[in-house]
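Since the structure comes first, as structure tokens, the remarks are kept for the end.
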Amino acid sequence: MKKAVLFLLLALIFSSCYDVTGPDQEKSLYGSWRLQKISGGLQGTTTEISPDKAPKVLFTYGGTVIFYSSDNKLARSTTFTLTEGKTIYSTDEKSIIHFADNLDNPMVIFSISEDTLVLADNDYDGFSYIYLKER
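Going left to right, the sequence shown walks through residues 2 to 136 as the working numbering numbers them.
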């Protein structure tokens, strides 16, 4: 009897664990994000970005993304779409951001949480970009 109860308890615990993808992940993408760190490339370098010099990106519910330079001036504005697809990072599908003005270089949402967004190039010598959510 104890084994059956333990088995049911473990099954309940593991069935309640899930990754945030799809619509929930999409909702948490919206808002303003400040670049904190860039890493990768052929050299595998990491560059920390000073908070007062950090570029910003804003994802809107209307499907627009706005990039601001480090001095808070508009650098670029375009539309984006989200899809699920295969990436170099996982055998599971991940969310991919396609920018209308740069369809050849989509960004993989490597991970996203309440306050941290990690975007990555979908190629082996690419970069990853760590953003912190602005409040």
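Beta carbons are placed, not taken as given, at the ideal position from N, Cα and C, and that holds for glycine.
This one's a predicted model, so the numbers in the text were calculated from it and none came from an experiment.
According to DSSP, which residues form a beta bridge with residue i?
i	result
K38	E49, I131
I67	L59, S78
A121	V109, S129
Leaving out five residues on either side along the sequence, give the residues of the same chain with a beta carbon under 6 Å from the beta carbon of residue i.
i	result
F109	It is worth fixing the name first, because residue 109 is Val in this sequence and not Phe. Closer than 6 Å at Cβ, skipping near neighbours: T88, K95, I97, A121, N123.
L30	F60
Y62	Y31
Keeping to the same chain, check which residues put their C-beta closer than 7 Å to that of residue i; ignore five residues upstream and five downstream.
i	result
R77	F68
By Cβ distance below 8 Å, which residues in the same chain neighbour residue i in space, the five residues on each side in sequence not counted?
i	result
K54	S71
T79	T65, V66, F100, A101, D102, N103
F81	F60, G64, T65, V66, I98, H99, F100, A101
K57	S33, W34, R35, L36, F68, Y69, N73, E135
S129	I39, S40, G41, F111, V119, L120, A121, D122
T117	I131, Y132, L133, K134
Y125	I89
Let me check you understand the geometry: is the CB of residue i closer than 8 Å to at least one non-hydrogen atom of the ligand PLP?
i	result
G64	With respect to the ligand PLP, the structure offers nothing, as it holds no ligand at all.
Tell me where the beta strand (DSSP E) around residue i begins and ends.
i	result
S96	95 to 100
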